[in-house]
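Participant: Chains W and A supply the protein sequences, listed in that same order. Using our numbering, the letters of the first sequence correspond one by one to residues 10 to 123. Using our numbering, the letters of the second sequence correspond one by one to residues 6 to 116. The beta-carbon is built from N, C-alpha and C at its ideal position, and this holds for glycine as well. One structure coming up, written as structure tokens, with questions to follow.
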Amino acid sequence: DGGITQSPKYLFRKEGQNVTLSCEQNLNHDAMYWYRQDPGQGLRLIYYSQIVNDFQKGDIAEGYSVSREKKESFPLTVTSAQKNPTAFYLCASSNGLAGFDEQYFGPGTRLTVT
Amino acid sequence: RKEVEQDPGPFNVPEGATVAFNCTYSNSASQSFFWYRQDCRKEPKLLMSVYSSGNEDGRFTAQLNRASQYISLLIRDSKLSDSATYLCVVNPSSTLGRLYFGRGTQLTVWP
Chain W
10 DGGITQSPKY
20 LFRKEGQNVT
30 LSCEQNLNHD
40 AMYWYRQDPG
50 QGLRLIYYSQ
60 IVNDFQKGDI
70 AEGYSVSREK
80 KESFPLTVTS
90 AQKNPTAFYL
100 CASSNGLAGF
110 DEQYFGPGTR
120 LTVT
Chain A
6 RKEVEQDPGP
16 FNVPEGATVA
26 FNCTYSNSAS
36 QSFFWYRQDC
46 RKEPKLLMSV
56 YSSGNEDGRF
66 TAQLNRASQY
76 ISLLIRDSKL
86 SDSATYLCVV
96 NPSSTLGRLY
106 FGRGTQLTVW
116 P
């Protein structure tokens, strides 16, 4: 089955630790995205990548880092510099480079930092 | 001004009712429009794309009004399973490679 996988589903970390969230897709999509969603809030774009070895900052990139070494994979690292890391993190992919196409989401990772 | 604005609701309707959501967007050059559905604590899922001529998928009808810069979603004969948050999504075209999501409109259908 084609789709997007994110792991783990739930993640707990202590404050001050970096943590990496996994996102893998087998849809052969060029573009991949990371969003953050807080309770009662809309999706906010963290980073996106339109092609391998290239990525752009979204609206709230501070405290996060990404890499895009393979077309299938777009891991997100939440660093200790991120002030409020507890949130629901969603990864998405789309086929079109121009961003006109719909995006498909993975099941998300709920990160709790205490 | 936000790229996409939605009435957050909540909308509470009985089964069988017709309900409509509106969404406005700020960039008149926007090219792509979508409605997504998000269930509680789940990922958003594409409900339907919105085309200039309007389009229908079963009980769901989407309309685009470019002159007034708004998108609508009409749900007829509401089912309990329609209870979810509906997200309006726009590509403003001035920024390649990204979509803008509204905060969502919450719908609860009661028996």
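1. Within 8 angstroms, do at least three Cβ pairs link the segment 16 to 34 of chain A to the segment 22 to 35 of chain W?
2. Would you list, in sequence order, the uninterrupted alpha helix (DSSP H) runs of no fewer than 4 residues that lie entirely inside the segment 37 to 84 of chain W?
3. Between A:T113, A:G107 and A:W115, which has its C-alpha nearest A:P49's C-alpha?
4. For W:G51, go through chain A and note every residue whose CB falls closer than 7 angstroms to its CB, in chain order.
5. Counting only C-beta atoms, is A:L51 closer than 8 angstroms to chain B at any point?
6. Three or more C-beta pairs closer than 8 angstroms, one from the segment 64 to 84 of chain A and one from the segment 20 to 36 of chain A: is that the case here?
7. Measure the C-alpha to C-alpha separation of A:N70 and W:L20 and round it to an integer number of angstroms.
8. Residues of chain W with a CB under 7 angstroms from the CB of A:S54: which are they?
9. Within 10 angstroms of the Cβ of A:S120, are there 16 or more other Cβ atoms? Answer buried if so, exposed if not.
10. Starting from A:R103, find everything on chain W with Cβ-Cβ shorter than 8 angstroms and list it in chain order.
11. When DSSP labels each residue in this structure, what does A:S86 get in the three-state scheme?
12. Locate the beta strand (DSSP E) running through A:S57, then write down its first and last residues.
13. Here's the rule I'm using: 16 or more other beta-carbon atoms within 10 Å means buried, otherwise exposed. How should W:E24 be labelled?
14. Taking Cβ positions, are A:S88 and A:T110 nearer each other than 8 angstroms?
15. Taking the alpha-carbon positions, what's the A:Q11 to A:C28 distance?
Facilitator: The answer reads as follows:
1. no
2. none
3. Cα-wise, what sits closest to A:P49 is A:G107.
4. F106, G107, R108 and G109
5. Here chain B cannot be found, since the structure's protein chains are W and A.
6. Using a Cβ-Cβ distance cut-off of 8 angstroms, the segment 64 to 84 of chain A and the segment 20 to 36 of chain A are in contact, since at least three pairs of beta carbons, one from each stretch, lie closer than that value.
7. 43 angstroms
8. Residues of chain W whose Cβ lies closer than 7 angstroms to the Cβ of A:S54 are, in chain order, E111.
9. Chain A is shown from 6 up to 116; residue 120 of chain A falls before or after that span and cannot be answered.
10. For A:R103, the residues of chain W that pass the 8 angstroms Cβ criterion are Y42, L54, Y57, G67 and G108, in the order they occur in the chain.
11. Judged by DSSP in its simplified three-state form, A:S86 adopts helix.
12. Careful: A:S57 lies outside any beta strand (DSSP E) and carries neither H nor E.
13. exposed
14. Result no, Cβ atoms of A:S88 and A:T110 do not sit closer than 8 angstroms.
15. 5 angstroms
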